[in-house]
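Shown next, in structure tokens, is the structure this report addresses.
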Amino acid sequence: MNDRTPLIAGNWKMHKTSPEAVETASELVKLVADTTDVDIMIAPVFTALKPVSEVVRNSRVGLGAQNLYWEKEGAFTGEISADMLVSAGCQYVIIGHSERRQFFGETDQTVNKRIRAAIDAKLIPVFCVGESESERDADQTFSVLDKQVKKGLEGYRADELGTLVIAYEPVWAIGTGKTATREQAQEAHQFIRSLVDSAFGTDLANAVRILYGGSVKPDNVAQLMQMPDIDGALVGGASLNAESFSRIVKFK
Ligand code: PEP
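Quick note on numbering: the numbering used here labels position 57 of the sequence shown as 74, and the sequence is numbered without any gaps.
The structure is reproduced here in structure tokens:
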């Protein structure tokens with residue numbers, strides 16, 4: 018047994034206007050009001066952060082953003098800083114999601130800088146890693162994870178990473194309906210934890226929460242959560258509906 022509190026996080030991606038986000042968040046707040054043993058986070062689009070923060074204040078639901086830029090301010094059209102997210106009510110930020118790596122040129126180096134900005138602003142970074150289907154087929158899963166984790170966390174000290182959350186999201190399982198088996202996920206999570214152990218020591222390795230992401234649904238979450246190194250889920254599609262997301266939150 019470990020004493021890591023599970024985290025169930027919803028990534029709403031580019032879905033929901035502000036009124037729609039407020040409506041879903043309000044419903045969710047009511048549905049999860051009686052949960053006590055799990056942390057919950059939702060990440061709406063930037064424009065919905067402030068109104069949703071008012072809905073989730075004093076509730077079980079935490080607020081996250083889907084990205085941030087590492088500079089504090091300046092001539093960076095279209096970007097948003099960590100302090101701006103904090104002032105909008107965020108406690109979490111997703112960093113290095115595979116869609117950002119795939120469509121928006123995110124690299125291990127830019128992920129590293131974003132994690133720094135998040136930590137400096139006391140935001141909890143949800144640092145995403147994961148292999149593509151062709152990398153898995155070529156038996157490169159571990160080497161890809163090794164590179165992403167080491168480069169993403171290069172230059173950090175263990176005492177800076179106390180709140181770090183890592184999300185293992187095999188790219189082939191995101192939005193595809195194909196979930197990694199719980200054995201595949203456990204193997205990857207155990208490997209990621211061992212990387213944290215070698216780089217930062219056993220205390221951090223035991224404390225870091227590693228979420229699984231990739232087509233998590235109400236009917237497959239419980240079996241994933243039984244695995245010793247799976248500490249929660251990062252959920253895309255099934256987080257858009259408050260009722261289905263609340264069933265994932267109440268996986269026990
Ligand atoms: C995600 O976007 O991080 C994700 C895991 O999506 P889905 O649950 O839809 O596969």
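Think of the CB as a built atom: it goes at the ideal place given N, C-alpha and C, for glycine as much as any other residue.
This structure is a prediction, so every number in the text was calculated from the model and none was measured.
Between Ala205 and Thr196, is the Cβ-Cβ spacing less than 7 Å?
no
With a threshold of 6 Å, establish whether the CB of Leu212 neighbours any heavy atom of the ligand PEP.
no
Check whether the stretch 102-115 and the stretch 144-158 are in contact - that is, three or more C-beta pairs closer than 8 Å.
Proximity of the stretch 102-115 to the stretch 144-158 meets the contact definition, three or more beta-carbon pairs being nearer than 8 Å.
Over what stretch of residues does the alpha helix (DSSP H) that includes Leu162 continue unbroken?
Thr158 to Gly169
Counting along the chain, where does the alpha helix (DSSP H) carrying Met101 start and finish?
Ala99 to Ser104
Does the structure place the stretch 212-224 close enough to the stretch 165-176 that three or more beta carbon pairs sit under 8 Å?
With three or more CB-CB distances shorter than 8 Å, the stretch 165-176 counts as touching the stretch 212-224.
With a threshold of 6 Å (Cβ to nearest heavy atom), would Leu241 be considered close to the ligand PEP?
no
Run the proximity test for Ile191: is its beta-carbon closer than 6 Å to any non-hydrogen atom belonging to the ligand PEP?
At a threshold of 6 Å, Ile191 counts as near the ligand PEP, since its beta carbon sits closer than that to one of the ligand's heavy atoms.
Which runs of the alpha helix (DSSP H) at least 4 residues long sit entirely within the stretch 99-158? Give them in chain order.
Counting only runs of 4 or more, we get 99-104, 115-120, 125-137 and 150-154.
Please determine whether the Cβ atom of Val110 lies at a distance below 6 Å from any heavy atom of the ligand PEP.
no
CB Thr52 to CB Val252, shorter than 7 Å?
no
Between which two residues does the beta strand (DSSP E) holding Leu181 run?
Run containing Leu181: none; DSSP gives neither H nor E here.
Give me the Cα-Cα distance between Leu45 and Ala259, rounded to the nearest whole angstrom.
5 Å
Just curious, the alpha helix (DSSP H) that Asp220 is in, first and last residue?
Thr219 to Ala224
Provide the residue(s) that pair with Tyr86 in DSSP beta bridges, ordered along the chain.
Tyr86 is bridged to Ser98.
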